[in-house]
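Residue numbers (numbering that gives the first Met the number 0), protein chains in the order written: chain A, 0 to 102; chain B, 0 to 465. C-beta: ideal position from N, C-alpha, C; glycine also. On a predicted model such as this, the values are computed, not experimentally measured, just so you know. Below is one structure, written out as structure tokens; the observations come after it.
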Amino acid sequence: MEIDPFIFRLSIFILSIFIGYYVVWSVTPSLHTPLMSVTNAISSVIIVGAIIAALAGSSENIFTISSSFGFIAIILAAINIFGGFLVTQRMLQMYKKKKDKKK
Amino acid sequence: MISPNLSAIFYLVSGILFILALRGLSSPDTSRQGNYFGIAGMIIAIVVTFLSVGNFSSSLIYVIIFLLIGGAIGAYIAFKIPMTAMPELVAGFHSLVGLAAVFVAIAAFLNPAAFNLGSIGNIKLASLIEMSIGAAVGAITFSGSIIAFLKLRGIMSGSPVTFLGQHYLNLVLGIGIFVLIYYLCKTQSENIFWIVITISFLVGILLIIPIGGADMPVVISMLNSYSGWAAAGIGFTLENTALIITGALVGSSGAILSYIMCKAMNRSFISVILGGFGADNSINKNEKKDQKPVKSGNAEDAAFLMKNASSVIIVPGYGMAVAQAQHALREMVDKLKKNDIKVTYAIHPVAGRMPGHMNVLLAEANVPYDEVFELEDINNDFANSDVAFVIGANDVTNPIAKTDPKSPIFGMPVLDVEKCKSVLFVKRSLSPGYAGIDNELFYRDNTLMLFADAKKMTEDIVKNLD
């Protein structure tokens with residue numbers, strides 16, 4: 000009997016939880032706020048689902064009910080992606096400045 | 000159009016880049032590089048999605064327009080937001096992830112063919128379960144984050160909202176969601192799908208309203224975790240590796256942060272979730288507050304004390320963030336350093352409204368991060384220091400946590416500021432902190448209270464240091 004592909008995805012999921020566990024414990028506490036903003040940004044990779052949904056409309060009817068939800072989700076996720084990465088960058092830049100000054 | 004196998008490999012690459020993004024945060028030196036990895040991962044995921052759909056009809060233009068609209072809004076917010084408002088911002092961003100998850104799930108439910116999930120009314124069972132769980136968790140994340148946002152922003156009172164039977168109601172609604180998902184799988188009814196989402200929105204609200212202001216670090220971390228699980232749920236629906244990996248990473252990240260925050264308050268996760276902390280204690284404690292003698296001073300006294308010290312430890316708290324006093328504080332420290340006084344900063348894990356909140360504010364004020372210490376690294380130094388300068392912190396310095404088993408904060412790790420030769424306490428009044436308990440430090444002989452706004456007092460001290 001063949002293994003259901005779901006099991007493979009489940010394996011990836013569970014292994015990723017373990018990776019997350021060890022990686023996050025090694026994050027220094029002073030960077031916990033950037034950690035939250037960057038996890039925010041990367042979880043917006045959900046935009047791939049939004050794009051698939053939005054592109055599903057036909058040429059005659061771009062905005063079906065389903066694709067409209069996709070389009071709104073694109074805006075929401077894009078706010079998060081740009082906002083999340085840029086604000087993280089802004090914060091990390093501040094941490095950097097100090098180091099340079101010290102030297 | 001690229002083959003599904005090739006795009007799966009690219010999604011794996013972007014997942015790995017996200018892992019590296021988090022890995023970079025293990026030190027400030029590598030963190031910026033980590034952020035670039037994250038951005039690269041995101042670009043790969045988005046481009047591969049375009050290529051794998053391969054539908055370059057006129058919808059593509061609209062997708063790009065919407066992407067840019069969202070991007071412009073996000074970029075604008077990222078550049079405008081003051082660092083003191085980071086907790087609200089993060090809560091707000093969580094709500095967007097949650098809502099995006101809900102919308103993607105709805106889109107998949109209404110047009111399953113686009114996602115290869117079957118046809119309307121005949122969606123694959125596993126996909127249906129995955130998308131309804133993703134939608135439910137996403138909805139809880141959305142409404143919960145909105146409440147957290149309103150509380151942090153001060154639009155809604157930070158005090159806990161509790162009512163009789165609240166937890167039973169949550170329990171019933173929670174079980175209800177599962178029962179409804181079961182029926183949804185049996186009937187494929189669109190109405191049940193909408194009801195599941197509506198109830199989940201309600202649960203999110205009910206879950207967060209009983210939790211008070213001081214527990215916000217836990218709440219934000221918890222919602223961070225939820226947003227990850229929601230993304231993972233959608234990832235299973237879309238059979239997308241990047242989303243599954245990211246969801247798992249974010250989910251465990253938020254869970255670990257919640258654990259760290261709970262531990263820093265010596266409270267169980269369950270008791271935080273059940274909420275109501277700090278609501279009822281404040282009343283009876285206020286009655287007990289008889290007129291104990293308090294030494295209060297002005298900026299001149301404080302400046303004098305610090306000038307004659309050889310080492311000073313700064314203990315910042317939420318009050319510093321509210322008063323935006325971090326820049327004035329740095330100025331004060333610069334003056335002290337010119338007089339060859341050793342200055343360090345002590346940060347309690349739950350100081351502020353989110354994990355690492357104080358560190359970011361100090362970083363913003365150009366405080367070198369190697370002068371900033373975590374609780375366990377600096378707590379022994381208080382005994383050898385001359386002055387502890389407590390600015391905007393309260394409960395995290397309260398020695399009652401070590402002495403009185405009846406106190407609600409008993410057992411919470413606290414900063415041993417009372418071991419310093421003298422303690423300067425910048426505070427607006429004698430009012431108790433969020434835990435609603437009196438801080439006996441206020442009445443000690445070696446404590447000098449400086450009653451003023453944190454920023455104004457610090458500026459006055461700076462003037463007096465000349």
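Worksheet item: If B:I455 and B:Q323 are in contact, beta carbons under 8 Å, what's the gap, nearest whole angstrom?
Response: Just to set this straight, residue 455 of chain B is Lys in the shown sequence, not Ile. The Cβ separation is near 11 Å, so there is no contact.
Item to complete: Pull out every residue of the stretch 363-374 of chain B whose Cβ sits closer than 8 Å to any Cβ of chain A, in chain order.
Response: E363, N365, V366, P367, Y368, D369, V371 and E373
Practice prompt. Find out if the Cβ-Cβ distance for the pair A:M35, B:G253 is shorter than 9 Å.
Written response: yes
Discussion item. Within a Cβ cutoff of 7 Å, which residues of the same chain sit near B:M411, ignoring the five residues on either side of it in sequence?
Written reply: Excluding the 5 residues flanking it on each side, B:M411 has same chain C-beta neighbours closer than 7 Å at M264, N265 and A400, in chain order.
Worksheet entry | Close beta carbons around B:F235, own chain, < 6 Å, minus the five adjacent residues each side | E129
Practice prompt. Starting from the beta carbon of A:I64, find every residue of chain B whose beta carbon is closer than 7 Å, and list them in chain order.
Written response: L109
Discussion item. For the pair the stretch 384-395 of chain B and the stretch 304-318 of chain B, tell me if three or more CB-CB distances fall below 8 Å.
Written reply: Pairwise C-beta distances place the stretch 384-395 of chain B in contact with the stretch 304-318 of chain B, as three or more of them are shorter than 8 Å.
Worksheet item: What are the residues that DSSP puts in a beta bridge with B:M448?
Response: B:S295 and B:F424
Practice prompt. Out of B:E189, B:A135 and B:P159, point me to the one whose CA is closest to B:I174's CA.
Written response: B:A135
Worksheet item: Can you give, in chain order, each stretch of the beta strand (DSSP E) that sits fully within the stretch 347-395 of chain B and has at least 3 residues?
Response: 371-373 and 386-390
Worksheet item: For chain A, is any of its Cβ atoms less than 9 Å away from the one on B:I174?
Response: no
Fill in: Test: B:N223 CB closer than 9 Å to a CB of chain A
yes
Practice prompt. Quick one: list the residues of chain B neighbouring A:M0, beta-carbon separation under 9 Å, in chain order.
Written response: The premise fails here: A:M0 is roughly 17 Å from chain B at the closest Cβ pair, so nothing lies under 9 Å.
Discussion item. Here's the rule I'm using: 16 or more other beta-carbon atoms within 10 Å means buried, otherwise exposed. How should A:E1 be labelled?
Written reply: exposed
Worksheet item: For a contact meaning CB atoms closer than 7 Å, what does B:H93 contact in chain A?
Response: N39
Item to complete: Per DSSP, which residues does B:G117 bridge with? Please list them.
Response: B:I122
Practice prompt. Express the C-alpha separation of B:N34 and B:A196 in angstroms, rounding to a whole number.
Written response: The residue you asked about is not Ala; residue 196 of chain B is Ile in the sequence shown. For B:I196 and B:N34, the distance between alpha carbons rounds to 34 Å.
Worksheet item: B:G277 by DSSP, collapsed to three states: which one?
Response: Note on B:G277: pLDDT 49, under 50, position unreliable in the model; the coordinate value appears next. Here DSSP, grouped into helix, strand and coil, assigns B:G277 to coil.
Worksheet item: Can you list, in chain order, the residues of its chain whose CB lies under 6 Å from that of B:D279, leaving out five sequence neighbours each side?
Response: Unreliable placement is indicated for B:D279, whose pLDDT of 44 sits below 50; the coordinate value is still reported in the next sentence. Result list for B:D279: empty, nothing under 6 Å.
Worksheet entry | Cut-off 8 Å between Cβ atoms - residues of its own chain near B:L50, not counting five sequence neighbours on either side | M0, I1 and S6
Worksheet entry | Where B:P81 sits in the DSSP three-state scheme | coil
Item to complete: Might you give, ordered along the chain, the residues of its own chain that have their beta carbon closer than 8 Å to the beta carbon of B:A44, omitting 5 neighbours on each side?
Response: F9, Y10, S13 and A241
Worksheet item: What did DSSP end up calling B:S252 once you bin it into helix, strand or coil?
Response: helix
Item to complete: Classify B:T343 as helix, strand or coil using the three-state DSSP reduction.
Response: strand
Item to complete: Measuring alpha carbon to alpha carbon, tell me which of B:E458, B:K405, B:L423 and B:D465 ends up nearest B:I436.
Response: Nearest option by C-alpha distance: B:K405.
Worksheet item: Count the other CB atoms within 10 Å of the CB of B:S430; is the residue buried (16 or more) or exposed (fewer)?
Response: exposed
Worksheet item: By a C-beta neighbour count over all protein chains shown, 10 Å radius and 16 as the cutoff for buried, is B:F36 buried or exposed?
Response: buried
Practice prompt. Can you tell me which of the three DSSP states B:S310 falls into?
Written response: strand
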